[in-house]
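Okay, so here's the structure we're looking at.
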Amino acid sequence: MKKHITVEVCCGSVDDCLLAEKLGADRIELNHALELGGLTPSLGTFLEAKRQVSLPICVMIRPRGAGFDYTEIQFQAMLKDAELFIEHGADGLVFGFLNEDGSINEERTCQMVKAARGKEAIFHKAYDSTKNMEDSLKTLIRCGITRVLTSGGAVYPNIVEGCKELGRLQDLYGDQIQILPGGGVREHNARQVLKLAHTGQIHLTAKNTLIDESTGHYHTAGNRSGLEYLAVGEMNLKKIMEQIRGFDDDDPDTLVTLFPG
């Protein structure tokens, strides 16, 4: 049966947000520095994105790369960021907190849910680093998390394999928390993910590497380090959206071409 799939696009700039809206996304996860896995964007970037697009925008709260066991000072700064984004109209907060042993930091997670003030509270792929997916999901439910972004856990080599676990969790807990498949969604596997996870929504970046040549004269020939950055790729997103919007749960090979030519 064909039904609408909610598509969330991970964006690293206002330009990315405009592209996501143009190509039919339903929701934006706004970040900075996609090449680092996504960090907290500036308030200015968020405000301009809100001005330019009409889609719901959930904002990443992540002050640095690497893991998710933050110092107390870092955590307090995250709470301040959360407060500012919510005050200025964010539709949700995206975050993740782990203890040193890889378990979910329940206290900090609950505090950030409270900081969302009734807006959506999304636990990101830090969840996939936990040792027991089901117990961790129960912790997130206790904290009042709206949605969890996951590819099924670190034990699986790719999201398609992981979606078998996501489908099981969806059947068991889907009425208590939203399961959002994401992490490695591409044109060739988007329909498999939708079929196996059967969550009715999907997260993707469709990222592409861009080059800023303005400092190229300082680099030796063949060395592109420092010139490259990641952004949503229009053609990549277009192709994935075709697969998603043409998805029929009863006939996954049916393709509706939304963007002819």
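Each position in the sequence shown, counted from 1, maps to that position plus 17 in our numbering.
Here a beta-carbon is modelled for each residue, glycine too, at the ideal position from N, C-alpha and C.
Please read these numbers as outputs of a predicted model, since none were measured by experiment.
Check, Outcome
"Would you decide whether VAL172 is buried or exposed? Buried here means 16 or more other CB atoms lie within 10 Å of its CB.", "exposed"
"With DSSP collapsed to three states, give me the class of VAL165.", "strand"
"Express the C-alpha separation of ARG208 and ILE78 in angstroms, rounding to a whole number.", "30 Å"
"Does SER59 pass the burial test, meaning 16 or more other C-beta atoms within 10 Å, or should it be called exposed?", "exposed"
"Using the rule of at least 16 other Cβ atoms within 10 Å of the residue's Cβ for burial, across every protein chain shown, is THR226 buried or exposed?", "exposed"
"Quick check: what's the CA-CA separation for PHE276 versus ASN253?", "Low local confidence applies: a pLDDT of 45 at PHE276 is under 50, so the model's placement there is unreliable, and no value is given."
"So, helix, strand or coil for LYS224, using DSSP?", "strand"
"Alpha carbon to alpha carbon, how far is GLY119 from PHE140?", "14 Å"
"So the beta strand (DSSP E) THR297 belongs to, where does it begin and stop?", "With the chain covering 18 to 278 only, the question about residue 297 has no answer from this structure."
"Comparing C-alpha positions only, which one of GLU230, TYR190, GLY113 sits nearest to LEU244?", "GLU230"
"Assign ARG68 to buried or exposed, taking buried as 16 or more other Cβ atoms, counted over all protein chains shown, within 10 Å of its Cβ.", "exposed"
"Report the three-state DSSP secondary structure of GLY172 (helix, strand or coil).", "The identity of residue 172 in the sequence shown is Val, whereas the question assumes Gly. Here VAL172 sits in coil by DSSP."
"Starting from the C-beta of PHE63, find all residues in its chain whose C-beta is less than 8 Å away, skip the five residues before and the five after it, and write them out in chain order.", "LEU47, ILE74, VAL76, PHE102, HIS105, ALA107"
"How would you call LEU197, buried or exposed, if buried means at least 16 neighbouring beta carbons within 10 angstroms?", "buried"
"So, for GLY199: in the same chain, excluding its five sequence neighbours on each side, which residues have a beta-carbon less than 6 Å away from its beta-carbon?", "LEU166, HIS220"
"Go to VAL249, then tell me how far its beta strand (DSSP E) extends in each direction, as first and last residue.", "245–249"
"Given ILE162, which residues of its chain have a CB within under 8 Å of its CB, disregarding the five upstream and five downstream residues?", "THR126, VAL130, ALA138, ILE139, PHE140, ILE194"
"Nearest to PHE92 by alpha carbon, out of GLU65, ILE228, CYS160, ASN122?", "ASN122"
"Going by CA-CA distance only, name the one from ALA42, LYS155, CYS27 that's closest to GLN260.", "ALA42"
"State buried or exposed for ARG134, treating a residue as buried only when at least 16 other CB atoms are found within 10 Å of its CB.", "exposed"
"Put LEU197 into one of helix, strand or coil per three-state DSSP.", "strand"
"Could you tell me which uninterrupted beta strand (DSSP E) segments, each at least 3 residues in length, are contained entirely in the region 103–154, listed from first to last along the chain?", "109–112, 137–140"
"On the three-state DSSP scale, how would you describe VAL31?", "helix"
"Name the two residues that bound the continuous alpha helix (DSSP H) containing GLY47.", "The residue you asked about is not Gly; residue 47 is Leu in the sequence shown. Counting along the chain, LEU47 falls outside any alpha helix (DSSP H), though it belongs to the beta strand (DSSP E) covering 44–47."
"Pull up the CB-CB distance for THR23 and GLY217, whole angstroms please, since I reckon it's below 8 Å.", "6 Å"
"Hey, out of SER153, TYR246, ALA248, THR222, whose CA is closest to MET258's CA?", "THR222"
"Which of the three DSSP states, helix, strand or coil, is assigned to ILE74?", "strand"
"Is LEU56 helix, strand or coil when you go by DSSP?", "strand"
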